[in-house]
Amino acid sequence: MNSGCLSNHDFNSDINRAGTASLKYDGRQTMFGTAEVIPLWVADMDFAAPQAVTRALAERAAHPVYGYTVYPDSLYESLIDWLRRRHDWEVQREWIVMCPGVVPSLHAAVMAFAESGDSVIVQPPVYFPFFSAVTSTGRQLAHNPLRLANNRYSIDFDHLEQCAAEARLLLLCSPHNPVGRVWSKQELECVLRIARKHDLVIFSDEIHADLVYAGNKHHTLSTLAGTLGESAPHIITAVAPSKTFNIPGLNLSTLVVPDPGCRRALVQAFEAMHVSAANPFSIAAFEAAYREGEAWLEALLVYLRQSRDYVAEYLTAHLPEIRLIEPEGTYLLWLDCRALKAELGINDAELRHFFVHEAGVGMSPGTLFGEAGSGFMRMNIGAPRHIIKTALEGIKKAERGARQRTTSARSL
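Going by this note's numbering, the first residue of the sequence shown is number 4, and it counts up by one from there.
Laid out in structure tokens, this is it:
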């Protein structure tokens, strides 16, 4: 495989990531019990970051002193310009809190806005740190499970209102990981009405907001809340270049918090955790991505949409036992494997074993995302399409073999 430099919009070429301390590749043995799997699990992509990012990192590395670092004015300006241009969101600098990723931010929000023993609402199946941010801090989970009907997920608003009557905080994933929903304006307005009625704080994880497929539109919750005036609920919005530009290992993201009291509470929580996101390389990459990465992103969105459609067509033609919950955003596919489980007569642990040890494909098991993920798998399509094709062919071959063995065993 070629590990050299790629053209700015080349998503088909292989980059050898083995031996780079990559969690996705060098963590396969630990995660799956074997390194002989195609890794389509953890949410980073196998594509080179925009050339502007690589260039900015190289230029910063050329300066031989890597000392304590502050956030320059230009960093804030790059983010503000991006949010205005891409999301029609006019953000004031004083609203911005820099932070080391969404997971520490979830913990900080839970500590800031819910007391020990208070209820915090999550909407499973959902990104699993949403659960641990609540349980590890001594708060109580209030599950508001998403509804699946006609191959599409929706929010159970009646049940959400019941939860909101007893809770302090809602952890909202928008766009949603792993089910791929891009919530409509009407859905988000309903969430806001419930939050306003019950004085509920909302942490809105919007780090996939830039990864939305044509025909769908991401609505920033905070802008919708702005139309409610002084009665708007308090909203903390997580935004980051990490997923958008494939730089999650640099660990710099942002919370946008219009309310001064909420900002103070979050800053105090971060100070109590003794964490800092400031380092010279994350700052250089953050700014370069937002200033110069837009053309790269537009090309990426086309490529990901084509990969999504390729998987959908392949499953329909060759693996009808696996149904794609078609995503409206993100590069993560939520695969409904319940029919496959039933056909093979296996449980969730055996389903994972089937994909890893028979198909040679390492995906995230649905049970990581809560009980509602039973029978599902999450596939990361942020890889050259020929890798996705090879993975699907491996699954097809394994399914044929497993079906034949099952049929033979039942005939005995």
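Even for Gly, the Cβ is constructed at its ideal location relative to N, Cα and C.
Handout entry: Spatial distance of W85 from Y293 (CA atoms)
Key = Residue mapping note: residue 85 aligns to position 82 of the sequence shown, counting from 1. Residue mapping note: residue 293 aligns to position 290 of the sequence shown, counting from 1. When only Cα atoms are considered, W85 and Y293 end up about 6 angstroms apart.
Handout entry: Per-residue DSSP class, three states only, for W337
Key = Position 334 of the sequence shown, counted from the first residue, corresponds to residue 337. Per DSSP, reduced to three states, the secondary structure at W337 is strand.
Practice task
Flag this pair as yes or no: are the beta carbons of G404 and E39 separated by less than 8 angstroms?
Solution key: Here residue 404 refers to the residue found at position 401 of the sequence shown. Here residue 39 refers to the residue found at position 36 of the sequence shown. In this structure, G404 lies away from E39, with their beta-carbon atoms at least 8 angstroms apart.
Exercise for the section: Quick one: measure Cβ to Cβ for A416 and A115, integer angstroms, because I've assumed they're closer than 8 angstroms. Expected result: No information on residue 416 is available, as it lies outside the stretch 4 to 415 that the chain covers here.
Exercise for the section: Compare the beta carbon distance of G365 and P42 with 8 angstroms and say whether it is the shorter of the two. Expected result: Stepping through the sequence shown from its first residue, residue 365 is reached at position 362. Stepping through the sequence shown from its first residue, residue 42 is reached at position 39. Yes, these two residues count as a Cβ contact at 8 angstroms.
Problem - Cβ shell of N254 (< 7 angstroms), same chain only, five flanking positions each side left out - result: For the purposes of this step, residue 254 is taken as residue 251 along the sequence shown, with counting starting at 1. Once the five neighbours on either side are set aside, the close Cβ partners of N254 are P103, G104, A280 and S285.
Problem - Nearest-angstrom Cα separation, counted from Q407 out to R150 - result: Working through the sequence shown from its first residue, we reach residue 150 at position 147. Working through the sequence shown from its first residue, we reach residue 407 at position 404. Per the coordinates, the alpha-carbon of R150 lies some 34 angstroms from the alpha-carbon of Q407.
Handout entry: Chain-order list of residues whose beta-carbon lies under 8 angstroms from that of H389 (same chain, five-residue window excluded)
Key = For this step, residue 389 is matched to residue 386 along the sequence shown. The beta carbon of H389 is closer than 8 angstroms to those of N15 in its chain, skipping five residues each way along the sequence.
Practice task
Identify which residue in A59, E324, C340 and R311 has its Cα closest to the Cα of P330.
Solution key: Residue 330 sits at position 327 when you count from the first residue of the sequence shown. Just measuring C-alpha positions, the residue of A59, E324, C340 and R311 sitting nearest P330 is R311.
Problem - Residue from T319, F50 and A65 with nearest C-alpha to K399 - result: Within the sequence shown, residue 399 is the residue found at index 396, counting from 1. The option with the nearest alpha carbon to K399 is T319.
Problem - Y293 beta carbon near the ligand PLP (any heavy atom closer than 7 angstroms) - result: Judged by which ligands are present, the structure shown has none, so any question about the ligand PLP falls away.
Problem - Residue range of the unbroken alpha helix (DSSP H) whose run includes F379 - result: As a position in the sequence shown, residue 379 is number 376, starting the count at 1. First-last for F379: F379 to N383, but that is the beta strand (DSSP E), not the alpha helix (DSSP H).
Problem - From Y216, V185 and A198, residue whose alpha carbon lies closest to that of R155 - result: Counting from 1 along the sequence shown, the entry for residue 155 is found at position 152. Of the candidates Y216, V185 and A198, the one whose C-alpha sits nearest the C-alpha of R155 is V185.
Exercise for the section: Let me know if T240 comes out buried or exposed under the rule of 16 or more other beta-carbons within 10 Å of its beta-carbon. Expected result: Walking along the sequence shown from the start, residue 240 turns up at place 237. Buried, because 16 or more other Cβ atoms sit within 10 Å of the Cβ of T240.
Practice task
Could you pull out every residue in the same chain whose Cβ sits closer than 6 angstroms to the Cβ of S81, ignoring the five residues on either side in sequence?
Solution key: In the sequence shown, counting from the first residue as 1, residue 81 sits at position 78. E290, Y293 and R294, listed in sequence order.
Handout entry: Best match in V260, A217, N219 and R199 for proximity to L231 [C-alpha to C-alpha]
Key = Numbered from 1 along the sequence shown, position 228 holds the residue referred to as residue 231. Among V260, A217, N219 and R199, the Cα nearest to that of L231 belongs to R199.
Handout entry: Short Cβ contact (8 angstroms threshold) for V182 with E209
Key = Taking the sequence shown and counting its residues from 1, the one referred to as residue 182 is at position 179. Taking the sequence shown and counting its residues from 1, the one referred to as residue 209 is at position 206. Going by C-beta atoms, V182 is not nearer than 8 angstroms to E209.
Practice task
Indicate the three-state DSSP secondary structure (helix, strand or coil) for L419 in the structure shown.
Solution key: Past the boundaries of the shown model lies residue 419; the chain is included only from 4 to 415, so the question cannot be answered.
Handout entry: Local conformation of Y293 per DSSP, three classes
Key = Along the sequence shown, read from residue 1 onward, the residue named residue 293 stands at position 290. When secondary structure is reduced to three states using DSSP, Y293 falls in the helix class.
Handout entry: The beta strand (DSSP E) enclosing A170, as first and last residue numbers
Key = Your numbering for residue 170 matches position 167 in the sequence shown. Unbroken beta strand (DSSP E) run through A170: A170 to C176.
Handout entry: Validate contact between the segment 134-151 and the segment 86-95 using beta carbons, cut 8 angstroms, 3 pairs
Key = Contact fails: fewer than three Cβ-Cβ distances are below 8 angstroms.
Exercise for the section: Can you check the segment 221-261 for any beta strand (DSSP E) of at least 3 residues that lies completely inside it and give the ranges in chain order? Expected result: Complete beta strand (DSSP E) runs here, min 3: 238-242 and 256-259.
Practice task
Taking 8 angstroms as the cut-off, decide whether the C-beta atoms of T333 and P178 are in contact.
Solution key: In the sequence shown, counting from the first residue as 1, residue 333 sits at position 330. In the sequence shown, counting from the first residue as 1, residue 178 sits at position 175. Contact: yes.
Exercise for the section: Report the three-state DSSP secondary structure of Y69 (helix, strand or coil). Expected result: Within the sequence shown, residue 69 is the residue found at index 66, counting from 1. In the displayed model, Y69 falls within coil according to three-state DSSP, outside both helix and strand.
Exercise for the section: Compute the Euclidean distance between the alpha carbons of E316 and D17, then round it to the nearest angstrom. Expected result: One-based indexing of the sequence shown puts residue 316 at position 313. One-based indexing of the sequence shown puts residue 17 at position 14. Take the alpha-carbon of E316 and the one of D17: they are about 24 angstroms apart.
Exercise for the section: Measuring alpha carbon to alpha carbon, tell me which of R355, T393 and A275 ends up nearest S108. Expected result: Taking the first residue of the sequence shown as 1, we reach residue 108 at position 105. For S108, the closest alpha carbon among the candidates R355, T393 and A275 is that of A275.
Handout entry: Euclidean distance between Cα positions of P261 and V106
Key = Along the sequence shown, read from residue 1 onward, the residue named residue 261 stands at position 258. Along the sequence shown, read from residue 1 onward, the residue named residue 106 stands at position 103. Each residue's alpha carbon lies about 21 angstroms from the other.
Handout entry: Nearest to E396 (by Cα), restricted to the options A412, E361 and T226
Key = Start at 1 with the first residue of the sequence shown, and residue 396 comes out as number 393. Measuring from the Cα of E396, the nearest candidate turns out to be E361.
Problem - Straight-line gap, G7 to V56 (C-alpha atoms, nearest Å) - result: Reading the sequence shown from its first residue, position 4 is the one you call residue 7. Reading the sequence shown from its first residue, position 53 is the one you call residue 56. Confidence is the limiting factor: at G7 the pLDDT is only 37, short of 50, which leaves the residue's position unreliable, though a coordinate-based value still follows. Approximately 16 angstroms, taken between the alpha carbons.
Handout entry: Supposed close pair G378, D351 - CB separation, criterion 8 angstroms
Key = Residue 378 sits at position 375 when you count from the first residue of the sequence shown. Residue 351 sits at position 348 when you count from the first residue of the sequence shown. Taking 8 angstroms as the upper bound for CB-CB distance, G378 and D351 are in contact here, some 7 angstroms apart.
Exercise for the section: On a CA-only basis, which of D202, N153, P148 and H162 is nearest C176? Give me that one, please. Expected result: As a working note, residue 176 is residue 173 in the sequence shown. Scanning D202, N153, P148 and H162 for the CA closest to the CA of C176 turns up P148.
Handout entry: Sufficient close CB pairs (3 or more, under 8 angstroms) joining the segment 121-137 to the segment 155-172
Key = Here the segment 121-137 makes contact with the segment 155-172; the two share three or more CB pairs at distances below 8 angstroms.
Handout entry: Euclidean distance between Cα positions of T37 and I238
Key = Stepping through the sequence shown from its first residue, residue 37 is reached at position 34. Stepping through the sequence shown from its first residue, residue 238 is reached at position 235. If you take the alpha carbons of T37 and I238, they lie about 43 angstroms apart.
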